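> Next up is a structure, given as structure tokens.
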Amino acid sequence: MSISDTRTVVVEQEMAHRPDKIWRALTQPHLIAEWLMSTDFAPVVGRRFDLRADWGAIACEVLEMEPGTTLSYRWDAMGLKSIVTWTLTPTDGGTRLRMEQTGFRADQEQAYQGAKAGWPRFFAKLDEVAAWGD
Amino acid sequence: MSPSHDQLFKTLADPTRRAIFEQLCAEGDQTVGALTARAGVSQPAVSKHLGILKDAGLVLDRHEGRNTHYSARPGALDPLVDWTRQMTQFWQSRFVALEDLLNRMDQ
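Residue numbers (the working numbering), protein chains in the order written: chain G, 2 to 135; chain B, 332 to 438.
In structure tokens, the structure reads:
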């Protein structure tokens, strides 16, 4: 056990849709707003954008992009820095979609301060966002 | 006793305490003397840090003769693991919403 480990969240799912269609849902602001949050995202490396809800914003920046295949952006919220990477792999039935979020190096003072200050509230608000779709 | 998140974060915000805690995690049970040899601060300072770590529920102490042995408490960092669990739940719910959108885009 170490408290300086990088933490990673992975969610992966087979989807019965073509990669190009999923790519549109991941990269077009009016579509991103339908399943994630409202945003001024643009598919350009180096582009800074926010994911916004009425309670605040997540600061993001496009880091890497291979159209139709991979998209990676910074995801900074409440003092915690992380990177979200999407990978699309074509399959016989559609696409294997993988989301990997890596971050929260617990040895960072800032992370502790951020976690202390706002994470419980942040998660309560994320749950509200998630509830919109229900 | 279950320490508050606030107390846990405050306790680990101090680099010396964090180093002591990491050493206990990595190497198991230790005496104050052994911890002092590594910490680069005086034994009374190490003892004080251990007291704070103990109050936060991060370490346990065990008396053996004239020595006190300290160890990291299993599960002490569970509140930090919550980030992983909660982000996973968040993204799983977003995958459901994304798939719902993709189905609607078909029409």
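Just so you know, even glycine gets a beta-carbon here, dropped at the ideal spot from N, CA and C. Remember, predicted model here, so these are calculated numbers, not experimental data.
Nearest by alpha-carbon distance to ASN398/B: which of ARG416/B, ILE383/B, VAL363/B and GLU430/B is it?
VAL363/B
> State buried or exposed for GLU67/G, treating a residue as buried only when at least 16 other CB atoms are found within 10 Å of its CB.
Taking all protein chains shown into account, GLU67/G has fewer than 16 neighbouring C-beta atoms within 10 Å of its C-beta and is therefore exposed.
> If you draw a straight line from the alpha carbon of GLU140/G to that of MET38/G, how long is it in whole angstroms?
Here chain G covers residues 2 to 135 and nothing more, so residue 140/G does not appear.
> Cβ of LEU98/G within 9 Å of Cβ of LEU432/B?
no
> In chain G, which residues lie with their C-beta within 8 Å of the C-beta of GLN423/B?
VAL12
> Return the CA-CA distance between GLN417/B and ARG369/B, expressed in angstroms with no decimal places.
36 Å
> Straight-line CA distance for TRP26/G to GLU35/G?
Sequence check: residue 26/G is Ala here, not Trp. Each residue's alpha carbon lies about 9 Å from the other.
> For ARG75/G, go through chain D and note every residue whose CB falls closer than 9 Å to its CB, in chain order.
In the structure shown, chain D does not exist; the protein chains are G and B.
> At 4 residues or longer, and completely inside the region 345 to 374 of chain B: list those alpha helix (DSSP H) runs for me, N to C.
346 to 358 and 363 to 370
> For SER378/B, which residues of its own chain have a beta-carbon under 8 Å away from its beta-carbon, when the five flanking residues on both sides are left out?
VAL363
> Does chain B have any CB closer than 9 Å to the CB of ILE84/G?
Taking Cβ atoms only, chain B never reaches closer than 9 Å to ILE84/G, which makes this a no.
> Please classify LEU89/G: does DSSP put it in a helix, a strand, or coil?
strand
> With respect to the alpha helix (DSSP H) encompassing ASP41/G, which residues constitute its N-terminal and C-terminal limits?
Looking at the DSSP string, ASP41/G is not in any alpha helix (DSSP H), and its letter there is neither H nor E.
> May I ask you to report which of helix, strand or coil DSSP gives GLN29/G?
Three-state DSSP puts GLN29/G in coil, outside helix and strand.
> Chain G partners of GLU430/B, CB-CB under 7 Å?
MET16
> Once the 5 residues before and after GLN361/B are set aside, which same chain residues still bring their CB inside 8 Å of it?
GLN354, LEU355, HIS400, TYR401 and SER402
> When we look at the beta-carbon of LYS117/G and count the other beta-carbons within 10 Å, is it buried (16 or more) or exposed?
Below a pLDDT of 50, predicted positions are generally treated as unreliable, and LYS117/G, at 49, falls in that range; the measurement from the model is reported next regardless. Label assigned to LYS117/G: buried.
> Where do the ends of the beta strand (DSSP E) carrying THR70/G lie?
Taken as a continuous stretch (DSSP letters only), THR70/G belongs to no beta strand (DSSP E), as it is neither H nor E.
> Is it buried or exposed for SER373/B, if we count other Cβ within 10 angstroms and need 16 for buried?
exposed
> Is it the case that the Cβ atoms of GLN366/B and LEU381/B are separated by a distance below 9 Å?
Sequence check: residue 366/B is Leu here, not Gln. Yes. Within cutoff.
> Considering only residues of the same chain and omitting the five flanking positions on each side of THR28/G, which have a CB-CB separation below 6 Å?
PRO44
> Which residues in chain B have a C-beta closer than 8 Å to the C-beta of GLU67/G? List them in chain order.
Within chain B, no residue comes near GLU67/G; the closest Cβ sits about 19 Å away, beyond 8 Å.
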